[in-house]
Amino acid sequence: MKGERMIAPVYVVGHLNPDTDAIASALGYAWLLRERDGRNAIAARAGAVNPQTAWVLKTLAFEPPSYLADASPRFERIARTLPPIAPDRPLREAWAAASASHSGAPIVEAEGIPLGLVTGDSVFTFLSRQMEARVDLDNVSVARVLAVPCREAMDADVPRFPTAMRVRDGRGRVLRDERDDFLVTREDGTYFGVCRSPDVLNPPRMQIILVDHNEAGQAIGALDEADLIEVLDHHRLGNPPTKTPIPFTVDPVGSTSTLVCERIAAAGRTPPVEIAGLLLAGLLADTLILKSPTATERDHLAAERLADWALKGNQLQFPNYQSFGEAVLAAGAGLAAYTVDALLNSDLKIYEDGEIKFGVAQVEVANLHELGDRLGEITKGLQDLCEFRGLGVAMLMVTDVVRGASRLVLAGPHADRLSDLPYTRLPDGTLDAPGLVSRKKQLLPVILGLLEA
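If you read the sequence shown in numbering that gives the first Met the number 0, its first letter stands for residue 0, the second for the next number, and so on.
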């Protein structure tokens, strides 16, 4: 037995500062890949869930997707799950295990704490110590040597690496060490597996599918250390390079949840109520219950189909998708529940146009009057955001989901480049933008036009 690694997963992950569509499309597409293709697809998130998404997940009895900090391989991925051997077992057992696995045999206490590895080098060192102690090895049978407890012939000083550690962060230590085998431990110090130096020097790359975004600046870190194998999105192009051709879908619809719904239908599958409800929430949140200018006929058809799947039998206690959508939007509306940091980062998109790098955050409210009491701290937060993220302009788009209007707050060293935005400047310095609800389809093209002028 050579030991087993985890079956290589495919991570389906949305953008940084994920919104409901990013979370829903990741969970929904991962489900389809498992159901249709039998792949080990795992939904992941690139940041904390916002209040709206948290409400949706709780309503549908879903746990949030696992958090993926970046795409850099961890020691967990390269560890071989070799069976542990008790320290008092005879050396012959460890030697047989090491020979079969072509790796060190892990010696582990009953409590799960690893004590060391039995390797060819450690056995040679053990025999050398016997010679130094003037043991007459000519009169000691091989059977007697192999009967000693494993602990006497193990390497107790073998380096240990935690499962969550980046492989690149441990590579230097491995290069400085003459050993070929190393222990991998869990966060609590218990045994997890064994890794070998060739795997540390050339680890398998994570497989990543991006949903609801395609720009490197909005993706998880260290994407260049992974294999990007697919993109499913509905935003403008700004994709990172890939080594080989990949399936790449950027469709002009109102949500990525719409695209996932269409693929589920094309595959002839019927998703569980919970998956359908998630995708419906993602679609309705991104299109403001199909009132956004980004909403298309395909979004309307997808909403009807998802509602038929999700609301059948009224398991979600909503008579139609309109009432469900209103509850989804209400769960995410309001400034009072957010810190300034959360306001500016929970739905922040970073863009670059030539030499100007700018960020636009969006938050939904039930009444634009909520902005007045917090305008000063929000403006200060935007200035801090520019300094921290190296932005020329930072903007918060506060959207009244009932009236279908927004208020814009700007700051930054190049904010004057946007002085010609076609909105009315109010006495408090904010911009009043009736009818503006879509960052992607309405605001972003205007900003890019001014910056390119």
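Here a beta-carbon is modelled for each residue, glycine too, at the ideal position from N, C-alpha and C.
Task: Pairwise C-alpha distance: R304 and G358 - done: Going from the Cα of G358 to the Cα of R304 covers about 35 Å.
TODO: May I have the straight-line CA-CA distance separating E108 from N49, to the nearest angstrom?
DONE: Distance between the alpha carbons of E108 and N49: 43 Å.
TODO: Compare the C-alpha of S102 against each of L395, P113, T124, A78 and name the closest.
DONE: The residue with the shortest Cα to Cα distance from S102 is A78.
- [ ] Evaluate the contact criterion for the region 156-176 versus the region 191-201: three or more CB pairs, one atom per stretch, below 8 Å.
- [x] In short, these stretches touch, since the Cβ pair count reaches three.
- [ ] Check whether the region 383-394 touches the region 345-359, counting contact only when three or more Cβ pairs, one atom from each stretch, lie closer than 8 Å.
- [x] Segment contact: the region 383-394 against the region 345-359, three or more CB-CB distances shorter than 8 Å; contact assigned.
Task: Where T248 sits in the DSSP three-state scheme - done: T248 carries a strand assignment under DSSP once its states are collapsed to helix, strand and coil.
Open item on the list: Whether or not the region 289-296 and the region 329-336 are in contact is what I'm after, with contact meaning three or more pairs of Cβ atoms, one per stretch, closer than 8 Å; do they touch?
Closed with: No: fewer than three Cβ pairs fall under 8 Å.
Task: Whole-number beta carbon distance between D232 and V249, since they are thought to touch under 8 Å - done: Correct: roughly 5 Å between the Cβ atoms.
Open item on the list: What does the alpha-carbon distance come out to for the pair F123 and W94?
Closed with: F123 and W94: Cα-Cα distance of roughly 12 Å.
Open item on the list: At the level of alpha carbons, what is the spacing between V339 and V397?
Closed with: For V339 and V397, the distance between alpha carbons rounds to 13 Å.
- [ ] Have a look at R402 and V436 and give me their C-alpha separation to the nearest angstrom.
- [x] So the alpha carbons of these two residues sit roughly 10 Å apart.
Task: Alpha carbon of R33 to alpha carbon of A40, nearest angstrom - done: Their Cα atoms are separated by approximately 6 Å.
Open item on the list: Pop quiz: A463 and P8 are said to be a contact at Cβ under 8 Å. What is the actual Cβ separation, rounded to whole angstroms?
Closed with: Past the boundaries of the shown model lies residue 463; the chain is included only from 0 to 452, so the question cannot be answered.
Task: Secondary structure, alpha helix (DSSP H): runs of 4+ residues fully inside the region 231-287 - done: Complete alpha helix (DSSP H) runs here, min 4: 255-265, 272-285.
Task: Proximity to I207 [Cα-Cα], best of I219, D383, D198 - done: With distances taken between Cα atoms, I207 lies closest to I219.
Open item on the list: Helix, strand or coil for D226? Go by DSSP, reduced to three states.
Closed with: DSSP, reduced to helix, strand and coil, places D226 within a strand of the structure shown.
- [ ] Measuring alpha carbon to alpha carbon, tell me which of I22, V11, A23, R35 ends up nearest A265.
- [x] When the alpha-carbon of A265 is set against those of I22, V11, A23, R35, the nearest one is in R35.
Task: Residue interval of the beta strand (DSSP E) (run including G115) - done: Its beta strand (DSSP E) spans residues 113-117.
Open item on the list: Helix, strand or coil, according to DSSP, for D179 in the structure here?
Closed with: D179: coil per DSSP, three-state reduction.
Task: Endpoints, the beta strand (DSSP E) within which V359 is located - done: Per DSSP, V359 belongs to the beta strand (DSSP E) from 355-364.
TODO: Count the other C-beta atoms from every protein chain shown that fall within 10 angstroms of the C-beta of I112, then say buried if there are 16 or more, exposed otherwise.
DONE: Residue burial is scored here from C-beta neighbours: I112 has fewer than 16 other C-beta atoms within 10 angstroms and is therefore classed as exposed.
Task: DSSP-derived helix/strand/coil call for Q206 - done: Strand.
Open item on the list: By the three-class DSSP mapping on this structure, what secondary structure does I446 have?
Closed with: The answer is helix: DSSP assigns I446 an H, G or I state.
- [ ] Decide if K348 is buried, meaning its Cβ has at least 16 other Cβ atoms within 10 Å, or exposed.
- [x] Under this definition K348 is a buried residue.
TODO: Compute every distance between the C-beta of G276 and the non-hydrogen atoms of the ligand ADP, then say whether any falls below 7 Å.
DONE: Looking for the ligand ADP in the displayed structure turns up nothing, as the structure carries no ligands at all.
Task: Nearest candidate by alpha-carbon position, reference S322, set S345, L279, V364, D352 - done: Of the candidates S345, L279, V364, D352, the one whose C-alpha sits nearest the C-alpha of S322 is L279.
Open item on the list: DSSP three-state label for V339, please.
Closed with: Correct three-state label for V339: helix.
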